Structure formats: structure tokens, C-alpha cells
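In full-length UniProt numbering, the protein residues as written are 1 to 674.
Written out as C-alpha cells, the structure is:
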């Protein structure tokens with residue numbers, strides 16, 4: 001009741017409205033519309049006051065919104081107009097420049113290159129300083145290889161590769177912290193910038209060419225190197241004439257022998273020809289690889305031998321030449337060897353059928369030799385780094401990690417056999433640095449160096465093993481007190497030493513060069529003297545396959561004794577290999593002289609007049625060394641290569657701070673930032 005009365009008293013609600021008065025037209029000057037500014041202002045103000053509050057608010061909002069939009073548009077158009085004006089001025093300046101004069105800041109990106117383009121065709125980068133690129137691994141890391149010059153003659157200049165590392169620019173005030181590895185006297189600073197292979201597949205890139213200012217004048221080759229080139233050409237002529245495309249030459253019968261049917265000698269010799277500057281022979285061999293080398297064959301190959309010779313040879317040749325053909329072939333054979341790792345223990349089988357994709361152990365045992373399963377790592381790791389496919393490195397790294405944990409070692413020394421089913425050592429109690437175990441020790445050190453000195457387990461196993469050698473296998477002969485490495489069988493020492501063990505002086509010297517204990521170099525010097533005496537104390541001046549040392553002086557006896565079954569020579573490289581390392585690290589000319597004696601004796605007792613060299617059965621009979629009619633592929637792949645490098649005074653000819661040799665003398669790059 002009260003609410004209704006109040007509402008009635010208030011009257012009807014107020015309504016907003018616009019009132020417009022319409023009057024009769026007045027004559028001009030009678031007080032009506034006269035178009036003056038004052039009249040117009042009063043008229044507009046009157047009309048504005050007549051608008052409701054809501055209407056005035058809407059109109060003001062619209063005006064404010066349009067004002068804001070106008071300010072934004074003006075700013076954007078101003079920037080665009082300024083840019084357009086500056087561009088127009090720059091174009092005018094460019095048009096006014098003198099023809100033939102380069103711009104102050106030319107483009108620095110090279111034109112796109114084809115994947116198989118010749119490295120020499122790459123344009124040089126502008127000297128203008130570029131921003132630091134993202135830390136990405138690119139193909140062969142930091143390798144800058146100079147291809148042989150087309151107009152260079154062997155008699156005047158050595159036209160081979162030269163690896164020159166680009167200097168890494170760092171801030172002088174910046175201090176890099178490095179962890180220190182200490183192992184029984186070895187103090188090592190690991191390379192901090194080493195990268196593992198990328199898990200993503202990537203397109204391989206060519207080794208970059210050397211910039212003009214970084215190139216060094218070629219070191220003239222000397223007479224001894226020319227003698228090696230002549231020996232290689234003589235051996236190559238026999239192979240080309242009688243065994244082209246086959247595994248090994250039989251120089252006496254002017255025929256060939258097959259092992260895998262994959263042209264082993266040719267592939268093994270590819271990087272040797274490149275290093276020796278034999279362009280014509282190299283191009284001839286490359287054509288065979290491109291047109292005739294096929295791995296889709298129903299043939300069993302030995303995992304170890306095909307890895308170190310074929311895979312290693314192809315990877316090395318790719319790095320030296322930059323030719324992607326060799327990398328593609330390396331990927332092919334690498335993939336075909338992978339079935340060997342499909343075992344219960346991940347310890348690979350010894351044999352692989354590369355056509356069928358199956359693998360198996362030897363017919364007589366389920367064991368593999370320790371040296372074979374632990375001496376394929378350098379090659380597969382590098383294949384992963386180049387392709388970005390981590391399967392290869394993962395497979396071989398698992399082998400090393402497994403062997404690292406095994407029992408049955410004797411102060412770091414390992415037995416010769418390992419079972420592919422159980423993954424355990426077999427034939428325990430026998431320790432040697434000769435056949436079936438030798439390159440296990442070599443690859444411990446070389447993997448550590450290859451990976452930038454970061455994999456501590458490898459270093460620990462290597463140094464522990466060398467201590468084991470000193471403790472159990474080192475003895476001195478009579479009468480000359482030669483230091484040698486014997487064998488241990490169930491606690492009994494044997495004064496037997498394989499020629500294969502002569503890899504050890506070079507490996508010890510390499511370790512000392514990379515920061516290991518100086519005692520390693522002292523031992524290397526003693527052992528290389530022994531290896532040389534294994535040649536010098538023999539009638540032909542050539543070492544037998546195996547020697548036995550006298551431990552006690554006997555009248556009329558030398559330090560070295562040779563049994564009839566051991567007196568053959570297979571043209572092996574191990575002593576020459578160690579001579580190369582010793583000369584490279586010490587500069588002592590006697591190592592070159594010793595190598596020269598060995599080359600002359602090879603020429604005297606193993607050279608076949610119609611082409612090629614042959615292994616011999618009897619190093620003790622100069623009048624009839626009994627040739628065996630076989631030239632092993634490693635004579636061209638290793639022995640003559642190391643001879644050539646030994647006689648060179650150019651440390652940049654396969655610089656040992658940038659390359660690591662696999663056990664078949666194929667140089668692979670040490671991993672450094674791209």
C-alpha cells in the first residue's frame with residue numbers, strides 16, 4: 001500500500017527526447033540564419049546540449065577510438081616511409097659507384113654446392129669476421145686437406161695432402177677449466193670440446209679446403225721417398241697386370257688369389273696412392289670402386305679383416321680425397337657387417353655373409369678372438385660420426401664396456417679368446433701381445449685419443465695393461481741385453497716374440513706423445529732396438545714371423561733364435577710402423593736408416609721382376625729365400641705407406657696430432673670441434 005502510493009505521487013517516469021523547433025523562413029538580416037562563425041558555434045553547441053548523456057558518450061568514445069587508430073597508423077607508415085627512403089638513397093649511391101669497384105660489405109655466403117662437387121671448386125670465404133655458428137658437428141671435423149696439384153711433378157715437389165688445423169680463437173681473458181685424469185703417473189688434460197656422434201641422421205659434408213693463407217709450401221720429396229714410390233709402382237704394375245680387381249696378387253705365377261672377392265689390395269692401397277701423390281693410379285682405382293665394387297655378394301667375410309681393410313680404407317680415402325663415393329661405399333659395407341653383433345652376449349661373431357645378412361662363428365668353435373672383437377672400434381665409431389647413425393658406435397662401445405668388466409685378466413693382460421654366447425673369456429691363463437690379442441692394447445689407446453681423451457675407462461685399461469706387460473712379459477736377452485716381450489702360459493714364461501708385437505714401440509711412443517708417463521718412451525726406445533735386431537741378426541736382413549730369445553749367453557749364439565716353422569716373412573709392416581712413430585717423435589735419423597736397410601732387403605730378396613713383391617719362406621737363406629708366391633694386401637696398404645712417411649721430414653704429412661691410424665695404417669681424424 002505504501003509503495004504504490006509513493007510511486008503514484010512520483011508521477012510517470014522521465015523519458016529522454018530531442019526537441020526540434022521548426023519555424024518560418026526569415027529573411028537574411030532579420031535575426032535568423034546568417035552563416036556566421038558565431039551563429040554556427042551557438043547552433044552546434046545547442047544541438048550538442050540537446051543530445052542525451054548516452055548519445056554524447058558514444059560519440060566521444062568513437063572519436064577517441066579513431067584518434068588512437070590514427071596514431072598507430074601514423075607510426076607504422078612513418079617507419080615504412082623511412083625505410084623506403086633510406087633504401088632509395090642506398091640504391092642511388094650504388095648506381096653512382098665506379099664500375100669494377102667491390103662493395104664495402106659483399107655477400108659472404110658461398111653459392112650452394114653439389115654433394116659431389118670437387119673441393120677445389122669451393123669459393124673462399126670473405127675475410128670479414130663472421131658471428132660464431134651454433135655448435136654443430138659437421139662431417140669430417142676440422143679436416144682441411146689439400147688435394148694433389150695437377151701440375152706438380154713427383155721429382156720436384158711432393159703433391160700430397162697436408163692437414164692444417166684452423167686456429168681456434170678464444171678470449172684471452174677467458175679461462176677454461178679442465179678435469180685432470182691421473183693414472184699411475186699419467187696426468188692428462190682431456191679435450192673439452194669433443195662431441196659424441198649426433199643421434200640424428202645427417203648428410204655428410206666434405207672436408208673443407210685449406211684457405212690460401214694457411215697453405216704451406218710442399219716439402220720436396222727426397223731420394224728415399226722416390227725409392228718407395230718406385231717400389232709401389234712396381235708392386236702396383238704386377239697387381240694391375242695379373243690380379244686387377246681381385247684380392248691378392250700371386251706374382252710368380254702371374255695370377256691372383258681370392259679371400260673375399262672384394263678387391264682387397266686395391267681398397268687397401270687407395271689412401272697410400274693418395275699420400276704418395278700417384279694421381280693416375282688413384283683415378284684408375286677409383287673408377288673400379290665406382291663401377292665394379294659391389295657388396296651384395298653371397299660371401300662370408302671376416303668381420304675384423306673386412307673392417308680394418310675395407311671399411312677403414314674407404315673412410316680414410318674419403319677423408320683425404322673428399323670424394324663422397326668412398327663414404328657411400330663405407331656406409332654400405334658398414335651396414336652389411338652389423339648382423340655380426342646379433343649374439344646373446346653382444347660379442348660379435350667372427351664371420352658375416354654380407355649378401356644374406358647372416359653371421360656365425362667359425363665352424364670349429366663358438367669363440368671369437370679378443371683382438372678381433374676389440375679392434376673394429378675406430379672404424380665403426382668414425383662411421384657413426386660421419387653418418388649420424390649411432391648404431392655403429394653403440395655396437396662396438398658395448399663390446400669395450402663389457403670387456404672392461406670381465407674377470408680373467410692378469411694385471412690388465414687379457415686372454416686370447418672370448419665366447420660369443422656367454423661373453424666370458426675362454427682359454428684362461430695364456431697372455432701374449434702377439435696374434436689374437438695384439439691390437440686390443442693398440443685400440444685402447446687409440447680410441448682414447450680419437451675421442452678427445454675423455455673416455456677414462458679406455459685409458460685406465462691401457463695403462464694397467466702396460467704395467468702388466470712390464471711385470472709379467474718383459475725380459476732381457478743374452479748376450480746383447482735386448483729388451484723383449486715374451487708370453488705367459490699358466491705361469492710359465494716363454495721367450496717367444498711374434499713380429500706382430502713390434503707394433504708396441506710405436507704405440508708406446510704415441511701414448512708418451514699424448515701425455516702418458518715418460519717411462520713409456522724409454523720402453524719404446526728399448527723395444528724398437530730389439531725389433532730392428534730381429535732384422536739385423538738374420539742372414540737376409542729380414543725378420544722372421546716369430547723369434548725366440550736366448551736368456552743365457554752361449555758361445556756362438558746370437559740373441560735371436562729362429563725355428564724352421566717360424567722363418568717365413570710376410571712383408572709385414574709392424575717394425576716400419578714403429579720406426580715411423582719413433583722418428584716422428586724423436587727426430588733421430590737412425591730410425592730412417594734402419595727403415596732404409598729394410599726396404600733395400602725387401603728389394604733384394606722379395607721383388608719379382610715382372611711386377612710385385614712376394615712373401616718368402618726362409619729368411620735365413622740368402623741364396624734361396626724360397627718365395628711363397630703371394631703379395632699380401634697390407635704390403636701396399638701399410639708397409640710401403642709407413643716407409644714413405646718414415647722418410648719424410650714433413651710433420652704435416654698425416655699430422656699425428658690430427659690423425660690416428662687404424663691397425664691397417666688407414667688414417668682417421670681425431671675428433672675436434674667443427
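Don't be surprised by glycine CBs; every beta carbon is placed ideally from N, CA and C.
Please read all numbers here as calculations on a predicted model, not as lab measurements.
Contact between residue 347 and residue 402 is confirmed by a C-beta separation of about 7 Å, below the 8 Å threshold. Residue 408 and residue 351 have their C-alpha atoms roughly 25 Å apart. Between residue 471 and residue 297, the alpha-carbon positions lie close to 47 Å from each other. In this structure, residue 442 keeps its C-beta atom at 7 Å or more from the C-beta atom of residue 639. Cβ-Cβ separation between residue 260 and residue 247: approximately 6 Å, consistent with a contact (criterion under 8 Å). Assignment of residue 547 by DSSP, reduced to helix, strand and coil, places it in the strand class. Per DSSP, the continuous beta strand (DSSP E) segment holding residue 302 begins and ends at 300-302. Pairing residue 647 with residue 592 gives a Cβ-Cβ distance under 7 Å.
Partner residues in the beta bridge of residue 250, as assigned by DSSP, are 255. The three-state secondary structure of residue 494, taken from DSSP, is strand. The secondary-structure analysis by DSSP pairs residue 560 across a beta bridge with 549. Per DSSP, the continuous beta strand (DSSP E) segment holding residue 358 begins and ends at 358-360. The C-beta of residue 268 has 16 or more other C-beta atoms within 10 Å across all chains shown, which makes the residue buried. Relative to the Cα of residue 252, the nearest Cα in the group 631, 566, 651, 435 belongs to 631. Closest by C-alpha distance to residue 263, out of 249, 275, 273, is 249.
Per DSSP, reduced to three states, the secondary structure at residue 368 is strand. In this structure, 305 is the residue among 299, 305, 228 with its C-alpha nearest to the C-alpha of residue 265. Leaving aside the five residues that flank residue 538 on each side, the residues in its chain whose CB is nearer than 6 Å to its CB run, in chain order, 619. Using a Cβ distance threshold of 7 Å, residue 433 and residue 448 do not count as a contacting pair.
Non-local beta-carbon contacts of residue 374 in its own chain, meaning distances under 7 Å to residues more than five positions away in sequence, involve 399, 400, 403, 440, 443 in chain order.
Beta-bridge analysis with DSSP links residue 489 to 430, 492. Under DSSP, residue 352 shares a beta bridge with 301, 359. Put simply, the segment 545-561 touches the segment 475-484. At least three CB pairs are less than 8 Å apart.
In the structure shown, residue 260 falls within a coil segment according to DSSP collapsed to helix, strand and coil. When only Cα atoms are considered, residue 292 and residue 254 end up about 22 Å apart.
Within the same chain, and ignoring the five residues on either side of residue 438 in sequence, the residues whose Cβ sits closer than 7 Å to its Cβ are 371, 500, 501, 503. Taking 7 Å as the cut-off, the beta carbon of residue 596 is found closer than this to the beta carbon of residue 224. Annotation for residue 554: no beta strand (DSSP E) segment contains it, and DSSP assigns it neither H nor E.
When 653, 411, 359 are compared, the shortest CA-CA separation from residue 584 is found for 653. For residue 476, there is no enclosing alpha helix (DSSP H); the enclosing beta strand (DSSP E) has its first and last residue at 474-476.
Straight through space, the alpha carbons of residue 452 and residue 672 are spaced by roughly 7 Å. Here residue 313 really is in contact with residue 637; their C-beta atoms are around 7 Å apart, less than 8 Å. DSSP, reduced to helix, strand and coil, places residue 647 outside both helices and strands of the structure shown, so it counts as coil. Per the coordinates, the alpha-carbon of residue 625 lies some 10 Å from the alpha-carbon of residue 567. For the pair residue 650 and residue 221, the Cα-to-Cα distance works out to about 9 Å. Rounded to the nearest whole angstrom, the CA to CA distance from residue 466 to residue 474 is 10 Å.
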